[in-house]
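Everything on this sheet refers to the single structure shown next.
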Amino acid sequence: MPNLKVIVTLGDVSRRNILKAFGRPGTAMPVGHGAEGEAGGYVILNSYHCSRLNTNTGRLTPEMFEAIFERAKTLIAA
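Count along the sequence shown starting at 1, add 653, and that's the number in the numbering used here.
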């Protein structure tokens, strides 16, 4: 994927595993929704997982989830 610039991770397990795949520790970037980091030359953008637990409790709202992808679009265009 030669045009890949941004990787969106859905949840902390995904965030930690993508960092691990690039040989980085889980502490290589902040945790939480909207956290950004770098690994392998890519921007890593984290979102809370879109599970029912997060969406039904309001921890992740549709607006928050959409904002992650708007941020990704901005990063891609830069």
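The beta-carbon is built from N, C-alpha and C at its ideal position, and this holds for glycine as well.
- DSSP, reduced to helix, strand and coil, places GLY694 outside both helices and strands of the structure shown, so it counts as coil.
- The beta carbon of CYS703 is closer than 7 Å to those of LEU663, LEU713 and PHE718 in its chain, skipping five residues each way along the sequence.
- Taken through DSSP and simplified to helix, strand or coil, VAL684 comes out as coil.
- Under DSSP, THR662 takes part in a beta bridge, and its partners are ASN699.
- Distance check between GLU691 and each of ASP665, LEU672, PRO715 and ASN707 places LEU672 closest, using alpha-carbon atoms only.
- Residue GLY687 holds the alpha-carbon nearest to the alpha-carbon of GLU716 among ILE729, THR680, PRO683 and GLY687.
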